[in-house]
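Contents: one structure, followed by commentary.
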Amino acid sequence: MQVGIYGGAGHTAKMVAAELRERGFAPVLGGRNLTKLKAAAQELKGAEVRPADIGRDDELRAFLKGCHAVVNCAGPFQATAMPIASLAVEQGIHYFDFTTDASIVNVLALELGRPAKARQLVIAPAIGFYGSLAELMVRASAPDLAAADDVLIAYSVKGWKPTVGSLKALAELGGRRAVHANGRFDIRTGEPRFETFSFPEPVGEAQVMLDYPAPEVVTIPRFLATPDVRVMMTVGTVKDLRNAPPPDSVSDEERARTDYVIVTEVTAGGRVRRATLRGGDIYRITAPIIGECVERALGNRVRAHGVVSAAEAFDAPDMLQQLARHGLTVSFN
Numbered sequence: 021m022q023v024g025i026y027g028g029a030g031h032t033a034k035m036v037a038a039e040l041r042e043r044g045f046a047p048v049l050g051g052r053n054l055t056k057l058k059a060a061a062q063e064l065k066g067a068e069v070r071p072a073d074i075g076r077d078d079e080l081r082a083f084l085k086g087c088h089a090v091v092n093c094a095g096p097f098q099a100t101a102m103p104i105a106s107l108a109v110e111q112g113i114h115y116f117d118f119t120t121d122a123s124i125v126n127v128l129a130l131e132l133g134r135p136a137k138a139r140q141l142v143i144a145p146a147i148g149f150y151g152s153l154a155e156l157m158v159r160a161s162a163p164d165l166a167a168a169d170d171v172l173i174a175y176s177v178k179g180w181k182p183t184v185g186s187l188k189a190l191a192e193l194g195g196r197r198a199v200h201a202n203g204r205f206d207i208r209t210g211e212p213r214f215e216t217f218s219f220p221e222p223v224g225e226a227q228v229m230l231d232y233p234a235p236e237v238v239t240i241p242r243f244l245a246t247p248d249v250r251v252m253m254t255v256g257t258v259k260d261l262r263n264a265p266p267p268d269s270v271s272d273e274e275r276a277r278t279d280y281v282i283v284t285e286v287t288a289g290g291r292v293r294r295a296t297l298r299g300g301d302i303y304r305i306t307a308p309i310i311g312e313c314v315e316r317a318l319g320n321r322v323r324a325h326g327v328v329s330a331a332e333a334f335d336a337p338d339m340l341q342q343l344a345r346h347g348l349t350v351s352f353n
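Be aware that the sequence shown starts at 21, since it is given in the working numbering, and climbs by one per residue.
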């Protein structure tokens with residue numbers, strides 16, 4: 021089966037292509053820069069290349085022809101998500117991306133949710149380090165809950181050296197912070213708020229920025245009714261981002277030297293269900309997450325169709341177990 025990868029010359033895209041090939045799929049690289057696409061195909065020791073401009077529907081249709089799924093790796097996703105996802109629905113193929121912008125996820129759900137469900141398609145934005153891991157942890161820690169009083173997600177990421185795409189995505193937000201508070205989706209601006217959170221060692225007690233922009237504020241309430249989804253990030257991570265070296269000066273080996281801890285807490289009926297996940301290289305882990313989702317979607321191992329998250333569409337405990345083979349450790353309490 022062919023799987024299109026748009027933005028196929030990017031750092032994460034090449035890892036996604038290699039992951040899909042290991043799973044028996046044939047990656048088809050698409051994008052605007054033919055020279056970079058050919059270089060990426062050579063790194064993969066051969067892959068079909070189909071240049072396509074995001075502004076040309078005819079070129080995008082030619083890129084998607086014969087594909088069973090498409091992975092959009094080309095940010096900024098505000099420009100690429102809707103054109104590619106809408107054509108995916110039109111042509112009856114599954115769609116995945118790793119946007120971190122909750123507003124994009126929200127718009128795709130509003131515009132494409134019904135037609136995608138009617139065609140039994142998986143349209144899954146925000147499939148990556150941000151988005152999928154925390155959602156899977158929440159679902160796996162509370163598999164039988166339909167509602168909760170509160171959901172908390174706390175991130176600590178050390179050594180994050182962002183790619184060009186990550187910096188564009190952060191700049192695109194322009195200080196906007198999507199939240200799910202008092203049972204509704206909202207956008208906040210202005211000065212951020214801070215408090216402390218107790219992570220497991222070796223992080224320990226740390227200052228965190230509240231309302232960290234993340235897609236979970238849109239996706240989690242779709243499978244777990246809750247008035248609040250609170251996302252926070254260690255202040256040290258935010259400072260590292262501000263002081264990060266230029267992306268072009270960072271090698272792939274240096275970029276891989278990250279260390280992260282994610283904590284989720286689901287509060288319901290006076291009980292807190294807590295999960296902790298540890299790992300390294302936030303870019304590398306995105307590839308097997310997408311690989312698992314593509315393989316499950318094309319293998320008809322799907323629990324929900326439409327615009328969905330990994331935790332909605334697939335078996336969350338089993339996905340976490342499979343992802344643990346890629347250097348993750350997960351514990352529940």
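Ideal Cβ positions, reconstructed from N, Cα and C, are used throughout, including at glycine.
Computed from a prediction, not measured in an experiment: that's the story for all the values here.
- Take R139, set aside five residues on each side of it, and the residues of its chain with a beta-carbon closer than 7 Å to its own are V109, G112, in chain order.
- Selection T296, S152, S186 evaluated against C93 yields S186 as nearest (Cα-Cα).
- Burial is judged here by how many other beta carbons sit within 10 angstroms of a residue's own beta carbon; T100 has at least 16 and is buried.
- For N126, the enclosing alpha helix (DSSP H) stretches over residues 122-138.
- Between D77 and L107, the CB-CB gap stays under 9 Å.
- With 16 or more neighbouring CB atoms inside 10 Å of its own CB, E312 falls in the buried class.
- Take the alpha-carbon of E285 and the one of R159: they are about 11 Å apart.
- Within a 10 Å sphere around the beta-carbon of R293 sit 16 or more other beta-carbons, which makes this residue buried.
- In the DSSP annotation of this structure, E211 is not part of any alpha helix (DSSP H), being labelled neither H nor E.
- In the DSSP assignment, M253 falls outside any alpha helix (DSSP H) and lies within the beta strand (DSSP E) extending over 249-254.
- In the three-state reduction of the DSSP assignment, I147 falls in the coil class, being assigned neither a helical nor a strand state.
- In terms of CA proximity to A37, E68 leads the group E68, N53, A324.
- Scanning the stretch 91-122 for uninterrupted alpha helix (DSSP H) segments of 4 residues or longer gives 97-111, listed from N- to C-terminal end.
- In this structure, L318 is the residue among L318, S123, R277, H88 with its C-alpha nearest to the C-alpha of A333.
- Annotation: D272 is outside any beta strand (DSSP E); the continuous alpha helix (DSSP H) that includes it extends over 272-275.
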